[in-house]
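Chains as they are written, first to last, in my numbering: chain A, 1064 to 1415; chain B, 2 to 264.
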């Protein structure tokens, strides 16, 4: 080693590292087996929760939170890890919901008899994934805001298409699903889907496939030039994210027993997914679940205490989050030097 | 320092007339609107050579690189790599065939660590789906560490690439280009923004790799660098090939002196 890189630069780097010896960079915060073990433990506790004699309302709330966690994690796969900020992701939720409703009600034009829930649920996901393939081939060629807008357009267009396709979708009136009240079943089903999805994201993030997605986010031209078939990888990520979003949509339609275009193809649902992922930490495994729970609790807290102002308060809070910790909770914890709140925390840490 | 090397052949004599070019462009043209960025350029790199590509700013060097590495669609001509027509190939396909390049504005994955940058740049030619669903294997990691060591940035392995200095990023990018064990490396201004000591390191590494059988094509503004390393030099001006020859011939060529050195 005759020619080492400049020594002072080198010294800075190690000095910075030594200041937070216990904190790994954002992309490796509990990314290993320890993180998965904690996650599985949490799932086990959640599985035992109904045995503590809780009300059916608590079970409903539980399954709703699981829905949000699953949606946020799915969005994170394409929006956070691959860096394609999808402002129309709710379209896959809607497609899943409608496929479920159409299949189980045996709506006109379809061959009866009706499908059962268990046959329709995978079909919802498959339909959403197929839709992602068709829509992703053109839209994933677009970069940055162009992709976001194209997907937003897709969402709005699908809402109108569903509204006018009255014979199949019931149009603006919507579709009624057979009411089957099974709170405990819903709870466990959604727990299983959430467990599967988050574990899958954990797995993907460790795999070369996941790393290639991050590479695409960081520099798509570079990734392509180094042998990664970027089109294939993007489409695959998009389809996986769409598949599970479709499943959740199908589940939601079943649990809600009624859907209409304005109820499932809504921009708010996408915004929720984006918010939750951002609050938790874009591109991290555990960030979006954390963000989903945090936003759900926050919404309820604000709703019950500041009813008239709760939307305003939530909006202000989100602006503050974006300003002071754009990398989210996990991002700020992981790399404190990257955000102003992180630097503040770090200063307190040093003074102590 | 030994690098695992698939072909341990000694460097072959350049320009042997019976030899097939490794990378060849025939009448390559690329237009941006009315501007001919690359105009009818004939171009050949033979196995084992170090070829230089020089020219004033805006003469079409990087565009030619982009055409050869398939990032830009060409408007005319034909490109062959290893005897195969790759005119319509996609960048990842030529990359898998054994062509690596670096970029004038360094492209590294900033939020990934240096090591992960290296790991993900492995040879994707025979990567099965099963491989992709697993973390990088130990053999890839071994090769990554070897190369980082070879480029003297091993101590930065766990640093985010975004935290490196410009020169260190250049070295990292060269390392990423070497990961797949390519047959030809296209380096776009590998020495710009790099301090003189590091330039010597890069030069030394290029020589070592060339002795191990790697072919190089270099875009360079640093004439000493070119003169020291290259056996042949192409000069571009206004998108056209102005001259071609050994560094000595080029440095004495009137037209080149006029165009490039602005005499």
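Cβ atoms here follow ideal geometry from the backbone N, Cα and C, with glycine treated the same way.
Model, not experiment: these values are computed from the prediction.
Residue interval of the alpha helix (DSSP H) (run including residue i)
| i | result |
| --- | --- |
| residue 43(B) | From DSSP, residue 43(B) is part of no alpha helix (DSSP H) but of the beta strand (DSSP E) over 36-46. |
| residue 1061(A) | The shown model of chain A, from 1064 to 1415, leaves out residue 1061(A), and the question about it has no answer. |
| residue 1226(A) | 1207-1227 |
| residue 112(B) | Taken as a continuous stretch (DSSP letters only), residue 112(B) belongs to no alpha helix (DSSP H), as it is neither H nor E. |
| residue 1141(A) | Careful: residue 1141(A) lies outside any alpha helix (DSSP H) and carries neither H nor E. |
| residue 174(B) | 167-179 |
| residue 1233(A) | Run containing residue 1233(A): none; DSSP gives neither H nor E here. |
| residue 147(B) | 139-151 |
| residue 70(B) | From DSSP, residue 70(B) is part of no alpha helix (DSSP H); its letter is neither H nor E. |
| residue 271(B) | Outside the modelled stretch of chain B, which goes from 2 to 264, sits residue 271(B), for which no answer is possible. |
| residue 1272(A) | 1271-1281 |
| residue 1160(A) | 1153-1168 |
| residue 1336(A) | 1330-1343 |
| residue 204(B) | 197-212 |
| residue 1108(A) | 1096-1111 |
| residue 182(B) | Looking at the DSSP string, residue 182(B) is not in any alpha helix (DSSP H), and its letter there is neither H nor E. |
| residue 259(B) | 255-261 |
| residue 132(B) | 130-133 |
Residue j beta carbon less than 7 Å from that of residue i
| i | j | result |
| --- | --- | --- |
| residue 31(B) | residue 86(B) | no |
| residue 1210(A) | residue 1317(A) | no |
| residue 195(B) | residue 168(B) | yes |
| residue 265(B) | residue 23(B) | Since the first and last residues shown for chain B are 2 and 264, residue 265(B) lies out of range. |
| residue 1183(A) | residue 1238(A) | no |
| residue 235(B) | residue 245(B) | yes |
| residue 171(B) | residue 95(B) | no |
| residue 149(B) | residue 137(B) | no |
| residue 1099(A) | residue 1265(A) | yes |
| residue 1015(A) | residue 1151(A) | Not covered by the structure: residue 1015(A). The range shown for chain A is 1064 to 1415. |
| residue 144(B) | residue 126(B) | no |
| residue 1339(A) | residue 1358(A) | yes |
| residue 256(B) | residue 237(B) | no |
| residue 1320(A) | residue 1242(A) | yes |
| residue 1146(A) | residue 1280(A) | yes |
| residue 89(B) | residue 187(B) | no |
| residue 1226(A) | residue 1235(A) | yes |
| residue 1341(A) | residue 1195(A) | no |
| residue 38(B) | residue 64(B) | yes |
| residue 1134(A) | residue 1336(A) | yes |
| residue 28(B) | residue 78(B) | yes |
| residue 1250(A) | residue 1122(A) | yes |
| residue 1334(A) | residue 1240(A) | no |
| residue 1376(A) | residue 1383(A) | no |
| residue 1143(A) | residue 1346(A) | yes |
| residue 205(B) | residue 105(B) | no |
| residue 1313(A) | residue 1228(A) | no |
Residue(s) in a DSSP beta bridge with residue i
| i | result |
| --- | --- |
| residue 1021(A) | There is simply no residue 1021(A) to check, as chain A begins at 1064 and stops at 1415 in what is shown. |
| residue 280(B) | Shown here, chain B extends from 2 to 264; a query on residue 280(B) therefore has no answer. |
| residue 238(B) | 241(B) |
| residue 233(B) | 52(B) |
| residue 220(B) | 54(B), 189(B) |
| residue 102(B) | 187(B) |
| residue 33(B) | 36(B) |
| residue 1322(A) | 1238(A) |
| residue 1013(A) | There is no way to answer for residue 1013(A), as the model of chain A reaches only from 1064 to 1415. |
| residue 76(B) | None, per the DSSP bridge assignment. |
| residue 1249(A) | DSSP, once it has assigned bridges, lists no residue as partnering residue 1249(A). |
Extent of the continuous beta strand (DSSP E) to which residue i belongs
| i | result |
| --- | --- |
| residue 241(B) | 241-246 |
| residue 1370(A) | Here residue 1370(A) belongs to no beta strand (DSSP E), and DSSP marks it neither H nor E. |
| residue 1310(A) | Note, residue 1310(A): premise wrong, no beta strand (DSSP E); alpha helix (DSSP H) at 1293-1319. |
Expected contact under 8 Å - CB spacing of residue i and residue j to nearest Å
| i | j | result |
| --- | --- | --- |
| residue 1132(A) | residue 1352(A) | 5 Å |
| residue 1154(A) | residue 1328(A) | 6 Å |
| residue 1291(A) | residue 1278(A) | 7 Å |
| residue 1137(A) | residue 1370(A) | Between residue 1370(A) and residue 1137(A) the Cβ distance is about 31 Å, and since that is not below 8 Å, they are no contact. |
| residue 1(B) | residue 80(B) | Because chain B spans 2 through 264 in this model, residue 1(B) falls outside it and cannot be assessed. |
| residue 1129(A) | residue 1253(A) | 4 Å |
| residue 158(B) | residue 198(B) | No, residue 158(B) and residue 198(B) are not in contact; Cβ-Cβ is about 21 Å, not under 8 Å. |
| residue 1293(A) | residue 1283(A) | 6 Å |
| residue 154(B) | residue 173(B) | 6 Å |
| residue 40(B) | residue 241(B) | 5 Å |
| residue 1199(A) | residue 1267(A) | Not a contact, Cβ separation roughly 17 Å. |
| residue 1244(A) | residue 1330(A) | Actually they are not in contact, since the Cβ atoms of residue 1244(A) and residue 1330(A) sit about 30 Å apart, beyond 8 Å. |
Residue i: contacting residues in chain E (beta-carbon distance under 9 Å)
| i | result |
| --- | --- |
| residue 146(B) | Absent from the structure is chain E; the protein chains it does hold are A and B. |
Residue i: CB within 6 Å of a non-hydrogen atom of the ligand ADP
| i | result |
| --- | --- |
| residue 132(B) | As far as ligands go, the structure on display features none, and thus does not contain the ligand ADP. |
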